[in-house]
Structure formats: C-alpha cells, structure tokens
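If you want the working numbering, it's the position in the sequence shown, counting the first as 1, plus 364.
Note that beta-carbon positions come from the ideal geometry of N, C-alpha and C, so glycine has one too.
Note sheet for the following structure.
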Amino acid sequence: MEISTVPVEYWHWLVVGVLLLALEVFVPGAILMWFGFGALVTGAVLWLIPDLDMSWQLLLFSLLSVASLILWHKSSLGKEDSVPSPDPTLNNRLKSHIGRQYVLTSAIINGNGAIRIGDSRWRVEGPDLPIGTRVTITGTNGITFTVNKTEPAPD
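Here it is as structure tokens:
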C-alpha cells in the first residue's frame, strides 16, 4: 500500500528537522527538539538510502523521535532534586518565617489561633495562649504555622 504519491526527498526531512529545532526556541519544554532530531536523522538515512519507501520513513521518524524523547526524559528525571538550593526557603513562604516572632491576633484556643503577617492573617497551632502573646514560629503543618510562646530574654 502506497502512503504518498508525492516524492519525499532527504532535504524535505532536513528542512522539517531544522524548522522543528528552530520552533523549540519559541516553545518551552524541549519536546520539539527531539522530533527535529528524528527528522534530521531520517533525512540522513534517506540520503544514504534514496529509495526508502514513505512508510519506512514515517516509521523511522516516529521511532527515532519517540525513543530520543523517552531517553531524554529518563535521563533527566531527578536532576532538579540533585542540586541543593542555596536558599531552601526561596519558594516556600511559610518556611521562610520559621524562627521569627509575631504577636497573636486571635487567642489560641483548643490548639488553634491566628497571627498577622503583613496584610495576611495566618492560622497557627500551638498551646493555648491569650491574644497579644508573643509567639515564635517553630514549623509548618500544611498551610498552618506551628508556634510556641516566646520566652523573654534573660537580663
């Protein structure tokens, strides 16, 4: 069965490959790059074997593109986590407040209360304390701060 009656030459695949690689600049994600690679290699194979049927060309392009994409994905898994961040609280607003002191704006009753940070009200968990008590943030639990009463500094 003939897939195409239009003759496809090696340079067609090379042009498609270069276009896909150029599009990669504008589309984030490094996906088109691997399809461009598949097209370039298919063009090189067609240059070596000019009589290659279109169905084999499409199969080769598909296999090369998907295989290179899968290999790239497997090789890049976990690489983001392997580099320690110079500031582990950079994108974690709650953890950046650990160790800071605030005043309770709502009394902690049955383990739950609130503090104000900037223009936001934040839930806190900790021992029961009256409103106006100075507390230190000791940790986080989801989107709730864990606090303890701030002990006055010894004279």
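TODO: For the alpha helix (DSSP H) containing glycine 402, list its first residue and its last residue.
DONE: Position 38 of the sequence shown, counted from the first residue, corresponds to residue 402. Its alpha helix (DSSP H) spans residues 396-412.
message: I need the straight-line Cα distance from leucine 458 to isoleucine 479, nearest angstrom please.
response: Locating residue 458 in the sequence shown gives position 94, where the first residue counts as 1. Locating residue 479 in the sequence shown gives position 115, where the first residue counts as 1. Distance between the alpha carbons of leucine 458 and isoleucine 479: 13 angstroms.
#### Entry: Collapsed DSSP secondary structure at glycine 381 in the structure displayed
Stepping through the sequence shown from its first residue, residue 381 is reached at position 17. Reduced to three states, the DSSP call for glycine 381 is helix.
Under the three-state DSSP convention, the category isoleucine 462 falls into = The residue given as residue 462 occupies position 98 in the sequence shown. Isoleucine 462 falls in the coil class under three-state DSSP.
(Q) Count Cβ pairs between the segment 419-436 and the segment 401-410 that sit closer than 8 angstroms; are there 3 or more? (A) yes
With three or more beta-carbon pairs closer than 8 angstroms as the criterion, would you say the segment 411-426 touches the segment 460-468? no
Practice problem: Give the straight-line distance between the Cα atoms of threonine 497 and lysine 513, rounded to the nearest whole angstrom. | Solution: Residue numbering aside, residue 497 sits at position 133 when the sequence shown is read from its first letter. Residue numbering aside, residue 513 sits at position 149 when the sequence shown is read from its first letter. Cα-Cα distance, rounded: 7 angstroms.
Measuring CA to CA, which of Leu410, Thr500 and His437 is closest to alanine 394? Counted from its first residue, the sequence shown places residue 394 at position 30. The shortest Cα separation from alanine 394 among Leu410, Thr500 and His437 belongs to His437.
- Item | Start-to-end residues for the beta strand (DSSP E) that takes in isoleucine 479 | By one-based count along the sequence shown, residue 479 stands at place 115. Note, isoleucine 479: beta strand (DSSP E), 476-481.
>> Am I right that threonine 336 and glutamate 489 are in contact with their C-beta atoms under 8 angstroms? What's the rounded C-beta distance?
In response: This structure cannot settle anything about residue 336, because the visible part of the chain is limited to 365 through 519.
>> Checking 7 angstroms against the spacing of the C-beta atoms, do leucine 378 and glycine 407 come in under that value?
In response: The residue labelled residue 378 in the question sits at position 14 within the sequence shown. The residue labelled residue 407 in the question sits at position 43 within the sequence shown. In contact: leucine 378 and glycine 407 (Cβ atoms closer than 7 angstroms).
*Where do the ends of the alpha helix (DSSP H) carrying valine 511 lie?*
Taking the sequence shown and counting its residues from 1, the one referred to as residue 511 is at position 147. Here valine 511 belongs to no alpha helix (DSSP H); instead the beta strand (DSSP E) covers 508-513.
Taking all protein chains shown into account, do 16 or more other C-beta atoms lie within 10 angstroms of the C-beta of leucine 454, making it buried, or fewer, making it exposed? Locating residue 454 in the sequence shown gives position 90, counting from the first residue. With fewer than 16 other Cβ atoms within 10 Å, it is exposed.
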